[in-house]
Amino acid sequence: MNEVDRLIFQYCPDGINWKKLGDLEDAGIVKLGRGKVISKYDLANSPGEYPVYSSSAVGSGEFGRYGEFMFDDERISWSIDGGGRFFYRHPHRYSVTNVCGWLKVADQNILSTRFVFHALSNAWSRKSFDYTKKAHPSVIREEYFIPVPHITVQQEIVRILDALKEFNVELSSELTTELKARRKQYNYYRDRLLIPGSGDVEWRTLEEIGEFVRGKRFTKADYVENGIPAIHYGEIYTHYGVYAHETLSKVRSNMADSLRYAEPNDVVIAGVSETVEDVGKAVAWLGDEKVAIHDDSYAFRHKMNPKFIAYAMQTDAFHDEKAKHVSSGKIKRLLIDGIRKVRLPVPYPNDPEKSLKEQARIVAILDTFDTLTTSLSEGLPREIKLRQQQYEYYRDLLLSFPKPDEAA
5 MNEVDRLIFQ YCPDGINWKK LGDLEDAGIV KLGRGKVISK YDLANSPGEY
55 PVYSSSAVGS GEFGRYGEFM FDDERISWSI DGGGRFFYRH PHRYSVTNVC
105 GWLKVADQNI LSTRFVFHAL SNAWSRKSFD YTKKAHPSVI REEYFIPVPH
155 ITVQQEIVRI LDALKEFNVE LSSELTTELK ARRKQYNYYR DRLLIPGSGD
205 VEWRTLEEIG EFVRGKRFTK ADYVENGIPA IHYGEIYTHY GVYAHETLSK
255 VRSNMADSLR YAEPNDVVIA GVSETVEDVG KAVAWLGDEK VAIHDDSYAF
305 RHKMNPKFIA YAMQTDAFHD EKAKHVSSGK IKRLLIDGIR KVRLPVPYPN
355 DPEKSLKEQA RIVAILDTFD TLTTSLSEGL PREIKLRQQQ YEYYRDLLLS
405 FPKPDEAA
């Protein structure tokens with residue numbers, strides 16, 4: 005028998021009652037309410053240090069900072085306009101807007117606020133609110149039932165769940181820090197390998213190294229499940245890594261004659277993006293067949309190692325050179341006349357065979373770093389998701405007391 009079972013046996017010999025929030029409010033054990041209208045205009049006219057929470061914000065729900073506050077105690081808030089997700093607000097000075105509801109535990113001898121938060125979050129995970137069924141306090145009070153074990157049992161459950169939650173936060177922070185360190189290490193060695201301080205290396209413009217082929221337009225309406233392999237410029241910075249053997253997308257086969265293609269070993273470069281960082285990103289096409297490319301991208305045809313070029317186009321030096329040739333405005337565009345002038349380092353430029361061997365050596369090292377960094381990038385969200393599922397499993401287990409028929 006674990007500690008929770010022991011406490012239930014000791015303090016709840018007759019079982020555990022489930023109570024509707026409305027009944028708890030009527031009994032004066034909890035209070036329910038709604039926030040007040042606080043606009044961006046209000047924030048601008050009364051600046052301050054006190055957070056304002058709203059369902060229109062993401063993360064913790066913080067909308068802004070204000071010179072006034074509504075509460076300074078422990079409460080639970082939730083979004084009224086769809087979602088209905090619950091947030092625990094620890095004691096501090098804060099406000100909630102009119103699109104939020106709030107709950108205050110009035111009798112801490114009967115209910116723990118943290119316990120109520122965990123119980124409501126557990127119940128919320130099984131419900132659905134939308135813009136037709138809003139989570140008004142009047143709805144919440146009728147919609148939710150929570151278990152009310154003895155306060156000692158509540159405190160033990162809270163201790164366990166809070167410990168799990170804290171562990172998840174710490175693990176996420178540690179994994180994120182580790183990933184950042186690995187990426188920093190990878191970027192350092194990549195730049196040192198590709199841009200050595202000495203040795204037989206010559207900087208050459210892309211137009212000296214190879215030639216460009218601009219793609220032809222296709223749209224999402226042209227996408228099919230089986231057709232011509234195609235690379236859209238946006239996929240270069242949202243989906244692909246340094247290289248690819250197969251494509252995410254395919255377009256209609258009857259478009260074949262109207263398209264332009266990247267050949268195997270070409271490097272496909274994004275010509276348009278909303279950021280300077282993403283425009284000019286490249287993927288080495290290592291597939292066995294030619295691939296259609298969008299007209300806002302270029303196929304760079306050359307006689308070098310394609311992965312070497314793609315890696316070189318990730319360096320700070322390439323980014324700095326590229327930035328000189330990016331158009332201003334909301335949409336960043338790297339025009340062909342500009343990208344031709346961007347330079348890349350070429351090892352042993354006067355000895356093609358030796359140059360390719362050196363490029364292959366550098367690529368092999370960078371592939372190892374890239375694999376490690378990619379595995380961490382993919383493993384991080386997966387590990388965090390698993391830990392969250394573990395927390396939810398134990399939360400469900402700890403709060404799954406038998407329900408009376410009317411609460412089922």
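Residue numbering for the sequence shown follows the numbering used here, starting at 5 and increasing by one per position. Cβ atoms here follow ideal geometry from the backbone N, Cα and C, with glycine treated the same way. The model shown is predicted, which means the values in this text are computed figures rather than measured ones.
At the level of alpha carbons, what is the spacing between residue i and residue j?
i, j, result
"THR377", "ARG347", "26 angstroms"
"ILE114", "LEU165", "19 angstroms"
"PHE75", "ARG97", "6 angstroms"
"ARG4", "LEU403", "Examination of residue 4 is not possible in this model, given that the chain is present from 5 through 412 alone."
"THR223", "ALA48", "43 angstroms"
"ARG218", "ILE340", "9 angstroms"
"TRP106", "ARG38", "6 angstroms"
"ASP111", "TYR148", "19 angstroms"
"THR230", "TYR241", "According to the sequence provided, residue 230 is Asn. The question's Thr does not apply to it. Cα-Cα distance, rounded: 23 angstroms."
"THR251", "ILE232", "10 angstroms"
"THR375", "ASP195", "17 angstroms"
"ASN309", "ARG399", "53 angstroms"
"GLU116", "VAL109", "The sequence shown places Ser at residue 116, not Glu. Going by the C-alpha atoms only, they are around 7 angstroms apart."
"HIS323", "ALA225", "33 angstroms"
"MET317", "ASN258", "34 angstroms"
"PRO153", "ASN126", "16 angstroms"
"ARG187", "PRO200", "19 angstroms"
"GLY88", "LYS138", "8 angstroms"
"VAL34", "VAL276", "55 angstroms"
"HIS140", "GLU239", "41 angstroms"
"LYS44", "GLY52", "13 angstroms"
"THR209", "ASP85", "55 angstroms"
"LYS24", "GLU160", "22 angstroms"
"SER132", "LEU338", "46 angstroms"
"PRO151", "TRP22", "4 angstroms"
"TYR397", "LYS40", "36 angstroms"
"GLY203", "PRO356", "16 angstroms"
"LYS334", "GLU278", "6 angstroms"
"LEU36", "SER301", "56 angstroms"
Candidates the options: which alpha carbon is nearest residue i's?
i, options, result
"VAL272", "SER257, ARG256 and GLY291", "GLY291"
"VAL8", "ARG386, ARG163 and ASP324", "ARG163"
"LEU124", "TYR315, PHE90 and PRO153", "PHE90"
"ASN269", "GLU215, HIS96, SER43 and ILE366", "GLU215"
"LYS307", "ILE213, LEU252 and ASN191", "ILE213"
"HIS243", "ALA139, ALA286, ILE199 and ARG69", "ALA286"
"VAL280", "PHE119, LYS336 and SER301", "LYS336"
"TYR227", "LYS24, ALA364 and ALA260", "ALA260"
"TYR395", "TRP82, GLU170, ILE150 and HIS140", "GLU170"
"SER81", "ILE235, TRP128 and GLU211", "TRP128"
"GLN158", "ASN191, LYS188 and PHE121", "PHE121"
"THR319", "ARG305, ASP355, LYS294 and ASP282", "ASP282"
"ARG391", "SER301, ALA368, ASN191 and ALA167", "ALA167"
"GLU325", "GLU160, ARG305 and TRP207", "TRP207"
"ARG305", "GLU211, GLY333 and GLU278", "GLU211"
"VAL143", "GLY333, GLU382, SER83 and PRO151", "SER83"
Considering only residues of the same chain and omitting the five flanking positions on each side of residue i, which have a CB-CB separation below 6 angstroms?
i, result
"GLY342", "HIS329"
"HIS249", "LEU290 and GLY291"
"GLU410", "The predicted model places GLU410 with a pLDDT of 45, which falls under 50 and marks its position as unreliable, so this point remains unresolved."
"PRO95", "ASP77 and GLU78"
"LYS358", "TYR352"
"ARG221", "ASP299"
"LEU263", "LYS220 and ALA296"
"LEU380", "LEU183 and ARG186"
Skipping 5 residues on each side, what residues in its chain have a beta carbon closer than 8 angstroms to that of residue i?
i, result
"PRO406", "GLY19 and ILE20"
"ILE388", "ASN172, LEU175, SER176 and LEU179"
"ALA412", "A caution first: ALA412 carries a pLDDT of 45, below 50, which makes its placement in the model too unreliable to give a value."
"MET5", "A caution first: MET5 carries a pLDDT of 44, below 50, which makes its placement in the model unreliable, though a value can still be read off. PHE13, listed in sequence order."
"VAL56", "ILE42, LEU47, GLU66, PHE67, GLY68, ARG69, TYR70, TYR98, SER99, VAL100 and THR101"
"ARG26", "The amino acid occupying residue 26 in the given sequence is Gly; Arg does not appear at that position. Closer than 8 angstroms at the Cβ level, and outside the excluded window around GLY26, lie ARG145 and GLU146."
How many whole angstroms separate the CB atoms of residue i and residue j, which I take to be in contact at a CB cut-off of 8 angstroms?
i, j, result
"GLU66", "TYR54", "Going by Cβ atoms, the distance from GLU66 to TYR54 rounds to 11 angstroms, so no, they are not a contact pair."
"CYS104", "SER59", "6 angstroms"
"VAL205", "ALA314", "Contact doesn't hold; Cβ gap of about 18 angstroms is too wide."
"ALA266", "ALA327", "Contact doesn't hold; Cβ gap of about 24 angstroms is too wide."
"ARG69", "TYR92", "Going by Cβ atoms, the distance from ARG69 to TYR92 rounds to 20 angstroms, so no, they are not a contact pair."
"VAL255", "ALA274", "Not quite, the Cβ-Cβ distance comes to about 18 angstroms (not below 8 angstroms), so this is no contact."
"PHE373", "TYR190", "4 angstroms"
"LEU384", "THR156", "About 38 angstroms separates the two Cβ atoms, so there is no contact after all."
Report whether the distance from the Cβ of residue i to the nearest heavy atom of the ligand GTP is below 6 angstroms.
i, result
"ALA274", "As far as ligands go, the structure on display features none, and thus does not contain the ligand GTP."
Who are the near neighbours of residue i in its chain, counting only those whose CB is closer than 7 angstroms to its CB and skipping five residues on each side?
i, result
"LEU197", "ILE366, ILE369 and LEU370"
"GLN363", "MET308, ASN309, PHE312 and PRO351"
"LEU360", "ASN309"
"TYR193", "PHE373"
Q. In chain order, which beta strand (DSSP E) runs of at least 3 residues are fully inside the segment 51 to 123?
A. 54 to 57, 66 to 70, 79 to 83, 90 to 93 and 104 to 109
Q) In the segment 329 to 411, which residue ranges form an unbroken beta strand (DSSP E) of at least 3 residues, counting only runs that do not cross its ends? A) 347 to 351
Q.
I'd like the ranges of any alpha helix (DSSP H) spanning at least 4 consecutive residues and lying wholly in the segment 251 to 322.
A. 310 to 316
(Q) For a minimum of 4 consecutive residues, which ranges assigned as the alpha helix (DSSP H) are wholly contained in the segment 168 to 255? (A) 210 to 213 and 237 to 242
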